[in-house]
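Q: Quick note: the sequence shown, position 369, residue 369 per my numbering, numbers continuous.
Glycine included, each C-beta is placed from N, C-alpha and C at the ideal position.
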Amino acid sequence: MKKFIFIVLCFFSLNICAQEAQLAYQYFRNGEYKKAASIYESLFQKHSYNTSYLSYLIDCYQQLEKYTEVETLIQKQLEEYPEQKQLYIELGYNFQLQHQKEKAIPYYEKALKAIDNSSNIGYLIGKTFQDNHLLDYAILAYKKTMELKPNSNYNLQIAYIYGEKSEIDNMLNTYLDMVEINDNYLSAIKTYIGRYITDDSENENNILLKKLLIKRSLNNPKNSWNNLLSWLFIQQKEYDKALIQEKALYKRNLNDLTGLIELGEIAFENNDFITTKNCFNYIIENTNNIEILLKAKLYLLEIDIKNNADVSLLENQFQQLFDQYGINKNTITIQAIYAEFLAFKKNDPEKAISILKNALKLPVNEFQNGYLKTKLADILVFTNKFSSALIYYTQVQNNLKNHTIGQTARFKIAQTSYFKGDFDWAQSQLKVLKNSTSQLIANDALDLNLLITDNVVKDSLKTALKKYAVADLLSYQNKNQQAIDTLQLILNKFKGHPIEDEALFKQAQLFEKMNAFEKAEYNYLQIVKINKDDILVDDAIYCLAELYVNKFNNTEKAKEYYQKIIFEYPSSIYLVDARKKYRKLRGDLIN
């Protein structure tokens, strides 16, 4: 019984202590240092071995400028616990706060010297220097510890400090030294370095990293340097340069095409079809693996589809793939892409639906099933069979809730509801997707949600938005002229309405599809004229620049509009591309 009472009392005491510590921390966070100090004094008296309480108490006293109390407190703690050598740093820093650096330095040196006697406290000494922003001393402590303990490695900490000091050259070299010693650091190093580089190849840090990698590659050829160069070029969207590095890596590791496949996929997603073709053609030349060959050939076929190659030629290419590899579970993706081609390019949705329903009868896994049902639902929307489409989308969303396929299906449910004019239900689905694991889905959901929100505020009947959704559906169904006409009705009837800029932009995009480039130009100029602060203005300006350089062969006008992005819209997603293209038109040498 006595033992039980003792345990209860201990538990009660610990609970009270935890509550007091939590209250003290709350006061500390709120800047109420006097109240926090009062509680930490009590806690520290009961638990003098607890360095956390001591640290907070020191911070409170220093915020209250009670420097003498800090000195007394630390001296007493050192007498009782002489092994806590890191307190020399706290004592020195206390003098430094009083602008008495000459008194601080001996204590810093004393802390460093303590590492000679016990290298095990090296990390704690370095960390304490670092926490007090005494960065040069922290570097000395970490380096000294590594000299005395060759098995220890604090290069990550040292590199991080160099970054804090803006010594980027030293930081990058320290990270690269780690990779030089152990390739296993490669993935982590990309994360750390990624904080200091951008997607702009002219960025100072990008240029420095490239120089350092090339230098190391020449002095000591190593896969990691090619890997990092490829990674850097991918960040900069210079996929052709990344391909050179990936080829070099493949030549050293003949059995591994992973890097080349990933690069080809990234280049395709970013519409660099030249590099995508070069990449997958190289893969085809260097493998007999059926799965890889199928993937590579399908990407090449998808490029032709996107480039609007002759329909009969594309049909022949599909048939060749089916003749060579069959219609089975291994060619599910090809069957799905073929169905899309039939519906959206050949306007033969019935045959497309038949192909997908037959594919669903094959022994496919749950992910392939979800993929096929999503494609089938897409084509049902194309044919205005919304109810049937929503059934398939809902099945996929329920079966694969936490997978990208399931989240895509949820977005499609919202999009289909939007096409139908059911904006409330669409928004309820879109709100769930704002935290999607797929950034692309999250962005699409945000864009559609903003479109709906922005255009129902001043229109309780949602008349303009309903009309716009009809035009959007017609565009999805490749009924481009009907979509253009519907958008024109909106522009005639709803001048000054928030939907006007959306209608102008959508119509301009459709004009481009139909090679009516002068009409597209007019619309983009109207968007800029209506409201220079509108969310679509930088899109319109960039599209104008692209039109002038690619369709009108007017480089001066193109430079003018790229320059507008650079100087007037520096937060635009088009900034890096605009800067690169402007420099190219100006005749700059692009590395």
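Is the stretch 437-446 close to the stretch 420-427, with three or more CB pairs under 8 Å?
A: Touching, no.
Q: What did DSSP end up calling residue 431 once you bin it into helix, strand or coil?
A: Counting from 1 along the sequence shown, the entry for residue 431 is found at position 431. Note: residue 431 maps to helix in three-state DSSP.
Q: Do you know offhand how far residue 5's Cα is from residue 24's?
A: In the sequence shown, the residue the question calls residue 5 occupies position 5. In the sequence shown, the residue the question calls residue 24 occupies position 24. Any reading at residue 5 must be qualified, since the residue scores a pLDDT of 43, below 50, and its modelled position is unreliable; the value itself is stated next. Distance between the alpha carbons of residue 5 and residue 24: 29 Å.
Q: State yes or no: is the beta carbon of residue 581 nearer than 8 Å to at least one beta carbon in chain C?
A: In the structure shown, chain C does not exist; there is a single protein chain.
Q: Is residue 99 buried or exposed, if buried means 16 or more other CB atoms sit within 10 Å of its CB?
A: The residue labelled residue 99 in the question sits at position 99 within the sequence shown. Flag for residue 99 reads exposed.
Q: Taking the C-alpha atoms as reference points, what is the distance between residue 345 and residue 355?
A: Residue 345 sits at position 345 when you count from the first residue of the sequence shown. Residue 355 sits at position 355 when you count from the first residue of the sequence shown. Answer to the nearest angstrom: the Cα atoms are 15 Å apart.
Q: Compute the Euclidean distance between the alpha carbons of residue 8 and residue 47, then round it to the nearest angstrom.
A: Taking the sequence shown and counting its residues from 1, the one referred to as residue 8 is at position 8. Taking the sequence shown and counting its residues from 1, the one referred to as residue 47 is at position 47. Note that residue 8 scores 38 on pLDDT, short of 50, meaning its location in the model is unreliable; the coordinates nonetheless yield the value given after this. Using only the alpha carbons, I get a separation of about 20 Å.
Q: Identify the continuous alpha helix (DSSP H) that holds residue 582 and give its terminal residues.
A: In the sequence shown, counting from the first residue as 1, residue 582 sits at position 582. 575-586 is the span of the alpha helix (DSSP H), which, as asked, contains residue 582.
Q: With distances taken from CA atoms, which of 327, 492, 108, 152 is nearest residue 138?
A: Indexing the sequence shown from 1 puts residue 138 at position 138. With distances taken between Cα atoms, residue 138 lies closest to 108.
Q: Between the alpha carbons of residue 379 and residue 351, how many angstroms are there, rounded?
A: As a working note, residue 379 is residue 379 in the sequence shown. As a working note, residue 351 is residue 351 in the sequence shown. The straight-line gap from Cα to Cα measures roughly 11 Å.
Q: Leaving out five residues before and five after residue 487 in sequence, what residues of the same chain have Cβ atoms less than 7 Å from its Cβ?
A: Translated into the one-based positions of the sequence shown, residue 487 becomes position 487. Contacts found: 471, 503, 506, 507.
Q: Which of the three DSSP states, helix, strand or coil, is assigned to residue 533?
A: Working through the sequence shown from its first residue, we reach residue 533 at position 533. Three-state DSSP puts residue 533 in coil, outside helix and strand.
Q: State the DSSP-derived secondary structure class of residue 554, mapped to helix, strand or coil.
A: The count along the sequence shown starts at 1 and reaches residue 554 at position 554. Residue 554: coil per DSSP, three-state reduction.
Q: Residue 447 lies in the alpha helix (DSSP H); which residues open and close that run?
A: Here residue 447 corresponds to residue number 447 of the sequence shown, with the count starting at 1. First-last of the alpha helix (DSSP H) with residue 447: 439-454.
Q: Are at least three pairs of beta-carbons, each pair with one atom in the stretch 134-151 and one in the stretch 178-196, less than 8 Å apart?
A: The stretch 134-151, when compared against the stretch 178-196, does not touch it at the 8 Å Cβ threshold.
Q: How big is the Cα-Cα spacing for residue 27 and residue 37?
A: Counted from its first residue, the sequence shown places residue 27 at position 27. Counted from its first residue, the sequence shown places residue 37 at position 37. Roughly 9 Å between the two C-alpha positions.
Q: Considering only residues of the stretch 292-342, which uninterrupted alpha helix (DSSP H) runs meet the minimum length of 4 residues and lie entirely inside it, listed in chain order?
A: Counting only runs of 4 or more, we get 311-325.
Q: Taking one C-beta from the stretch 516-531 and one from the stretch 445-465 each time, how about it: are there three or more such pairs within less than 8 Å?
A: Flag = no, the stretch 516-531 and the stretch 445-465 do not touch.
Q: Let me know if residue 241 comes out buried or exposed under the rule of 16 or more other beta-carbons within 10 Å of its beta-carbon.
A: Reading the sequence shown from its first residue, position 241 is the one you call residue 241. Per the 10 Å Cβ criterion, buried.
Q: Where does residue 349 fall in DSSP's three states?
A: Position 349 of the sequence shown, counted from the first residue, corresponds to residue 349. Correct three-state label for residue 349: helix.
Q: In three-state DSSP terms, what is residue 571?
A: As a first step, residue 571 must be located in the sequence shown, where it is residue number 571. Of the three classes helix, strand and coil, the one that applies to residue 571 here is coil, per DSSP.
Q: If distances are taken between C-alpha atoms only, which option among 435, 376, 417, 422 comes closest to residue 402?
A: Mapped onto the sequence shown, residue 402 falls at position 402. Cα-wise, what sits closest to residue 402 is 435.
Q: Mapping the DSSP letters down to three states, classify residue 106 as helix, strand or coil.
A: Reading the sequence shown from its first residue, position 106 is the one you call residue 106. Helix.
Q: Once the 5 residues before and after residue 126 are set aside, which same chain residues still bring their CB inside 6 Å of it?
A: In the sequence shown, residue 126 corresponds to position 126, counting from 1. Counting only Cβ-Cβ distances below 6 Å, and skipping sequence neighbours, we find 138, 141, 142.
Q: Look up residue 20 in the DSSP assignment and say whether it is helix, strand or coil.
A: Position 20 of the sequence shown, counted from the first residue, corresponds to residue 20. It is helical.
Q: So, using beta-carbon positions, are residue 562 and residue 582 closer together than 8 Å?
A: Residue mapping note: residue 562 aligns to position 562 of the sequence shown, counting from 1. Residue mapping note: residue 582 aligns to position 582 of the sequence shown, counting from 1. Cβ atoms of residue 562 and residue 582: closer than 8 Å.
Q: Go ahead and pull the three-state DSSP assignment for residue 562.
A: Counting from one through the sequence shown, the residue named residue 562 turns up at place 562. In the structure shown, residue 562 sits in a helix (DSSP, three-state: H, G or I).
Q: Work out the CA separation of residue 511 and residue 489 for me, nearest whole Å.
A: Working through the sequence shown from its first residue, we reach residue 489 at position 489. Working through the sequence shown from its first residue, we reach residue 511 at position 511. If I take the Cα positions, the gap works out to 15 Å.
Q: Expressed to the nearest angstrom, what Euclidean distance is found between the alpha-carbon atoms of residue 375 and residue 123?
A: In the sequence shown, the residue the question calls residue 375 occupies position 375. In the sequence shown, the residue the question calls residue 123 occupies position 123. Cα to Cα, residue 375 sits roughly 56 Å from residue 123.
Q: Relative to the C-alpha of residue 437, which candidate in 410, 64, 209 has its C-alpha closest?
A: As a first step, residue 437 is located in the sequence shown; it is residue number 437 there, counting from the start. It is 410.
Q: In whole angstroms, give me the CA-to-CA distance for residue 393 and residue 348.
A: To locate residue 393, count along the sequence shown from 1; it is residue 393. To locate residue 348, count along the sequence shown from 1; it is residue 348. Each residue's Cα considered, the two are about 21 Å apart.
Q: So the alpha helix (DSSP H) residue 185 belongs to, where does it begin and stop?
A: The sequence position of residue 185 within the sequence shown is 185, counting from 1. It is not in any alpha helix (DSSP H) - residue 185 carries neither H nor E in the DSSP assignment.
Q: Nearest to residue 200 by CA position, among 588, 579, 587, is which residue?
A: Taking the sequence shown and counting its residues from 1, the one referred to as residue 200 is at position 200. When each option's Cα is compared against that of residue 200, the closest is 579.
Q: Starting from the C-beta of residue 203, find all residues in its chain whose C-beta is less than 8 Å away, skip the five residues before and the five after it, and write them out in chain order.
A: Here residue 203 corresponds to residue number 203 of the sequence shown, with the count starting at 1. For residue 203, where only same-chain residues beyond five positions count, the Cβ hits under 8 Å are 197.
Q: Rounded to whole angstroms, how far is the Cβ of residue 597 from the Cβ of residue 132, which I believe are closer than 8 Å?
A: The first residue shown for the chain is 1 and the last is 591, placing residue 597 beyond what the model contains.
Q: When you compare each of 366, 415, 404 to residue 389 by their alpha carbons, which one comes out closest?
A: Translated into the one-based positions of the sequence shown, residue 389 becomes position 389. When each option's Cα is compared against that of residue 389, the closest is 415.
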